[in-house]
Each structure stands twice: as structure tokens, then as C-alpha cells.
Amino acid sequence: MARDPVSAERFRDAVTQGSDGPGGTDSVLRSFSLSTLLANPALADLSPLERLVFCTPFLALLFNATSSQPAATGAKRALGLEAAILIRHVLPPALEQLGAPASSQADLAELSPLPISKLLSILLSDLTLGEKDGEGEQVLTDDDRRAIVLAAVRGRLGSEVGSQALTHALGDMSFALSSPPSPIALLSRLSPAPALCTPDLVRAVLARFGNLASSETEAAGGGGAELRVSAMLFDLVDLALKDAELASGIDLASWIRGVHELQPALRWGDVVRAYDSPLRSLPDSWGLRLFANFLSLFPSPLDPTPSQSFTLVSAPGGTSAIAGLWSPWANPHLQFSLIDRLLCLPVESFNLAALTSIHKVVSIEDAAGASPTIKALAAAAQGSVWNCRELVATLVRLSEAQGSGQELAARVHEVLERGCKSNPELVLIALVQIEVRLHAGVGTQDGELTWRVFLQKPWNSLHTELTARLLSTFLTGHPSHQLVFLRIFQTDHLFLTAALCDFYAESEINVSRILDVAQDLKILDLVLDLRPFFLSLDLAALASRREYLNLDKWLAGSIAAHGGVFVRATLEFIGHKVKHDLARQELDPPPEPTTLSLNAATVAIFMRALRLQCVLVSACTGSAR
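Numbering-wise (the working numbering), the sequence shown opens with residue 506 and increments by one.
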């Protein structure tokens, strides 16, 4: 009996059968004592582990009442209390023996998974010394229970079989009816090591205490499943904050998988949104790290059937956990603070750019056909936390959240400034990528009626200020300017060309920089079609000097396309350049130029093109006569 929990259980039943009611009719029970029995000299050779095996079934007399089994009272309960005292005394050496691999029959080699599961079902139950349900001191502490599980797994079963034994034991465990354990508290009790926390064990725990709807329709109805899962998530975070070692025994990926297989239609973004409450405190330390790890994991079934294999990824779209962090919250201060804390984590703890559910600002694929320099710049930006469009968009929105006041706007500005210092290229590209609305309208350009496209971006003051400042930085020269202009051109070429026009309007000297950008992007033809004509003429003249453009051919084509409007603009352009040069020559010393001068060769090309146009006009006029 000291070697087999099942035999020990039968012995207990034989001792306790009959009635211990008012008459006390069972003389065996009334006269039996575990202490007296085990003190018998014939049993002196029993090892601590054998004594544990023999006494453990008697602890079941302390189980709480169930619908089918009343709670033990009187002599029976007294016997259970006696067993508790004996087990407390013998537990440390017994666990040391249990944790050592069995090498002989004397070491209880016959303790196979099933008997161990029987022992675990009793030792891991809620056993208290009080007479009422859940009252009084616990027979075994949480540390004791963890030590029991670790010893059984390490010495006898191994992780895989140990997890199966725990799952089997769960079905026979007893818990206080007045205060049953939460799913996370129970998982922490059953799984002191991550290898034990399998999806099967998680599902078994959730099936008993998780209260998750079994039907997908119920889960999709009122958000009850999301709230219950979020409560478990908060318990996990709180557990990690209070005791990181206890929390480390729960494998987060297995928990997510178990929940997913019970609720495939669960909206994980709504689980995160449940944080949106003034009653919730912000996670910190290990709790924050656990929450960050949760955001990095999401079950994506390869097959709709829950029993099929699956991979853990951050699924794109609103079903991903991280999506709940980007949606509008009723408590913007709380949302910002949570984002800010996540951004402060080291990259090995939380790598936002590694999530597949976010939209990257820059990817290697974006620079596939670009120069080696741009490819290197794109590769260097991959791992930055700022390589996330949703992050920048959410911060910009939070800067003007209703009812948040100036304090939040200042904090958001501070965080974005950090991004501008570390990765200005990513912040600028993300700012430009935030929602664009296009409106076509009629306008005039150089005296002609034309269709114009107006860009309307829902930019607030912070968005506008940061974009203008960063754009100026890259237009005037920055090591990452080639990557920035490539991505802006790829995502919003109208914004880029409008920015180049504005840059020229600030100073005609900037035409040199505009030409550099156009050449880097191989969009010189596009930029030469920009208005006003002064910009295209200035750009063409400089491109000709650098041998990027056949000026004769371009002038002929432009005149043919635009006629007299272009000719007048060309004459005004030449006059403007000449007037500027003459004005500088009259002053000593001459002031800094405000526009690029035309050399004699370029002027000659312009005059030749204009003269040819006059000849053609005269010829046409003569023919008409």
C-alpha cells in the first residue's frame, strides 16, 4: 500500500466505511490512528516517499463537499487532519526521493504516470484545515505544490508525460466552492515550468474554470469571451509583476493556442482594448514584458478546424492583438502611457517592427530595384521601432485627442521628437503615408485653364509642423535622403512634386538640389513637367549644363506642346536671369546670388529655339496670306 496509491486508497475506504454519526457505530474508524500505525516497528523501514504515498489518499477526507459527496466530518475529518500533519512532516525528504530517478524497486520504480497522477490529483487540490469550505490554513503552500510537480516530472515522468499526468489529475482535483481558483492561478499551480504548460493542459483548465463560450456565435455576440480572456490576460500581467518566477511557468504561446482552439473567432484586438479603463493600472517591469510578449503572438490556424496544426504569428487586420493598441480609446492618456512604456522596452523584449500585423514604413522589398546605397539604408531601418506606420499615426491622433488637454499633446510631442532624433527618415515617411484624400478641381496655370489635384491630408498642427521640419532637413541634405524620397515618391508622388515646387518657391537656388533628387529617382522627365514654367525652364537649363538633358530637343517639344504660353514664359525667364546678373554686377561687392546664372552656351540654345519658332511662325503666317 505504501508503494501504490490505488491500494492505499482502498485501505482508506476500508477504514472509513460505515457511519461515524451520533452513535459512532464504526469502532474501526474511531480507534484507528495513522500516527500509531506508522510508528509500528514493523514499518520503521518505510521511506519518506512511501509514507507520502500511503498517507496521501487520506487527505481526500478534507475535500470540499460536492453534489454527490458530502464533506467528511467527525472522525473521518480528524483522520484527514492527521494525514495532513504527517505529510507536512515527511514532504521535504519525500520530494527529494521522488525527484531522483528511480533505480530499483526500493526507489518505487513502479510509480508510473497513472499512480503519480492519482497522487497529484489529491496533493494539488484545495485542502484546508478549517471545518468549512475554503476556510482555514492551506495544508500545502503554493511553493509546496510547485515542488511536488517539479519533483514528479523531473524524477519520474519527463515534461511530455508529466503534462499528460497533470491534465488527467485535473479531472479529480477538488477546489473550494466558495472561492474557486482563477484559470491563471490554477495554471500557475499545475505548471511550474513552461514545458508542462501544453495547449492540452490549458484547454483542460479553461474547460473547467474559463467559462468560455463553446460556440463561435456566442463569442461574436456581446464580447463576453473577449472580456473573460482579457481578465485572464490581466491576471497573467499581475502575476508577472508580483512574482516573475511564478508567471514564467505559464507558457504564453500555449495559453494563446488553448484559448484560440476554444474560441477561433475571438477578437484579440478587443482583448487588448479591455485595458481601456480608468480602473486598470499600467503594467510595469516583468508584467510589461509579458504584455509585450503577448502582443507579439497570435494564433493563425492553417485550417478552420481547431484540431489542426497552426502557427503563431501576428495576423494582419483587426483580429491581431496589436490592432487593439491603435484603435481610439476612451482614455487616451492611458493608451499613450501604455504605448510609451512599450517603446522604452529593449528590442529583445519587444520588437514592434518584427510583427507581421503592422504596416512597415520601409521594407527591403520597397528598395528591390534601387541602388545599393538605398538598399543598405532600407536594411538598416528594418529593425527600428519606428518602422511602423500605425505607431506614428496613433501618436499624431493622440496629440489632439478630445478632452486630453495640453499635457498629453506635450507628452506625445516629446515621444515623436525622440523618433525624429533616432529615425527621422521613418517618421517623415510615416507622416506622409497617413491618409490622403485627393480632390480634382479646375484652376489656371500660366494663363491656361487646367485640371489640378488638391491634396487634403487630415493633418493637425503637430503633424504639419513635424512634416515641414523633417522635409526641410532632407531637402537640404541628409544621409538618408535617397531612401526618404524614394518611399515618398512610391507612396505619394503628388506630395513629393508639390514639395519640390514649394522648395523652389522658397529660393530659386534650390533648383540644384531639386535636380539631384530627380536624378536619384530617375524622374527628371516628370519633374520637368511641373509648373510654373520657371521651375521647369531653370531645371532644364541646369540639366543641360550637367549633360543630363538635350536642351534643344526639350525646348522644341515644349514649344510644340504649349505654344505661345511657353514662349512667353521662356522670354520672361531669360529676362529674369539677365536682369539678376546685371543687378549683381552693379554692386561691389556683388551680393549672394538668388538664382543660378545662365552661361553663354545655354543662352544660345534658348535663343536658337526661340528664333526657330519665330521662323516657323513667320512661315506659317506667310503661307496663310
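Think of the CB as a built atom: it goes at the ideal place given N, C-alpha and C, for glycine as much as any other residue. As the structure is a computational prediction, the values presented were derived from the model and not from experiment.
Contact belief for residue i with residue j at Cβ below 8 angstroms, rounded distance in angstroms
| i | j | result |
| --- | --- | --- |
| Val897 | Ala935 | 4 angstroms |
| Val1032 | Leu991 | Not a contact, Cβ separation roughly 14 angstroms. |
| Asp600 | Ala681 | The displayed chain sequence assigns Leu, not Asp, to residue 600. Not really, about 25 angstroms apart at Cβ, beyond 8 angstroms. |
| Leu625 | Leu671 | 6 angstroms |
| Trp891 | Asn856 | The Cβ separation is near 12 angstroms, so there is no contact. |
| Ile755 | Ser693 | 6 angstroms |
| Gln643 | Leu655 | Between Leu655 and Gln643 the Cβ distance is about 18 angstroms, and since that is not below 8 angstroms, they are no contact. |
| Phe714 | Pro686 | 7 angstroms |
| Leu967 | His998 | So it is not a contact: roughly 25 angstroms between Cβ atoms. |
| Glu731 | Leu771 | 6 angstroms |
| Leu744 | Ala736 | Wrong, their Cβ atoms sit about 13 angstroms apart, outside the cutoff. |
| Ala749 | Trp791 | 4 angstroms |
| Val867 | Leu988 | 7 angstroms |
| Pro837 | Leu900 | So it is not a contact: roughly 11 angstroms between Cβ atoms. |
| Leu1142 | Ser842 | In the structure displayed, the chain extends from 506 to 1130; residue 1142 sits before or after that span and is not available. |
| Glu1013 | Asp1043 | 6 angstroms |
| Gly888 | Val932 | Actually they do not touch by this definition, with Cβ atoms about 16 angstroms apart. |
When the options are compared against residue i, the one with the closest alpha-carbon
| i | options | result |
| --- | --- | --- |
| Leu603 | Leu557, Gly585 and Leu591 | Leu557 |
| Glu1077 | Phe1111, Lys623, Ser626 and Lys865 | Phe1111 |
| Thr1100 | Lys1082, Ala884, Ala1088 and Asp631 | Lys1082 |
| Gly1062 | Arg1050, Ser1041 and Arg1051 | Ser1041 |
| Arg1036 | Thr1002, Ala906, Asp1021 and Lys623 | Thr1002 |
| Thr861 | Thr878, Ala828, Gln987 and Leu847 | Ala828 |
| Glu895 | Leu830, Glu514 and Ala730 | Leu830 |
| Lys581 | Arg535, Ala549 and Asp1086 | Arg535 |
| Cys893 | Ala872, Val937 and Thr878 | Val937 |
| Pro510 | Leu548, Leu543, His673 and Phe563 | Phe563 |
| Asp705 | Leu741, Asn716 and Arg762 | Arg762 |
| Glu555 | Ala519, Ala507 and Phe537 | Ala507 |
| Leu566 | Thr541, Gly635, His594 and Pro598 | Gly635 |
| Ala886 | Thr1107, Val1022 and Ile869 | Ile869 |
| Pro699 | Glu1013, Gly667 and Leu675 | Gly667 |
| Leu629 | Arg659, Ser889, Ala690 and Pro833 | Ala690 |
| Leu795 | Arg778, Leu847 and Ala873 | Leu847 |
| Asp648 | Leu619, Ser664, Pro597 and Ser622 | Pro597 |
| Ile1079 | Ala1088, Leu1103, Leu1060 and Leu1092 | Leu1103 |
| Arg661 | Gln840, Phe1039 and Leu619 | Leu619 |
| Ser684 | Gly641, Leu717, Gly676 and Leu645 | Gly641 |
Residue interval of the alpha helix (DSSP H) (run including residue i)
| i | result |
| --- | --- |
| Pro553 | Pro553 to Leu564 |
| Asn798 | Ser790 to Leu800 |
| Met737 | Gly729 to Lys747 |
| Leu975 | Ser966 to Leu980 |
| Lys581 | Gly579 to Gly604 |
| His998 | His986 to Glu1011 |
| Val764 | Leu757 to Leu767 |
| Lys1058 | Leu1056 to His1067 |
| Lys623 | Pro618 to Leu628 |
| Leu936 | Pro929 to Gln938 |
| Phe841 | Pro837 to Leu848 |
| Val658 | Segment: none, Val658 is in no alpha helix (DSSP H) and carries neither H nor E. |
| Trp831 | Ala828 to Trp831 |
| Pro783 | Looking at the DSSP string, Pro783 is not in any alpha helix (DSSP H), and its letter there is neither H nor E. |
| Thr521 | Pro510 to Thr521 |
| Phe714 | Counting along the chain, Phe714 falls outside any alpha helix (DSSP H), and DSSP gives it neither H nor E. |
| Ile1019 | Val1016 to Leu1026 |
| Phe1039 | Phe1038 to Arg1050 |
| Ala690 | Pro688 to Leu695 |
Bridge partners - residue i, DSSP secondary structure assignment
| i | result |
| --- | --- |
| Thr633 | Gln643 |
Contact test: residue i Cβ vs the ligand GDP heavy atom, cutoff 8 angstroms
| i | result |
| --- | --- |
| Leu662 | This structure lacks the ligand GDP, and indeed carries no ligand of any kind. |
Quick one: complete alpha helix (DSSP H) runs, 4+ long, within the stretch 852 to 924?
As far as the stretch 852 to 924 is concerned, its whole alpha helix (DSSP H) runs of at least 4 residues are 877 to 886 and 894 to 903.
Just list the alpha helix (DSSP H) runs in the stretch 1069 to 1130, keeping only unbroken ones of 4 residues or longer that don't cross its boundaries, in chain order.
Counting whole runs of 4 or more residues, the stretch 1069 to 1130 contains the alpha helix (DSSP H) stretches 1069 to 1090 and 1105 to 1129.
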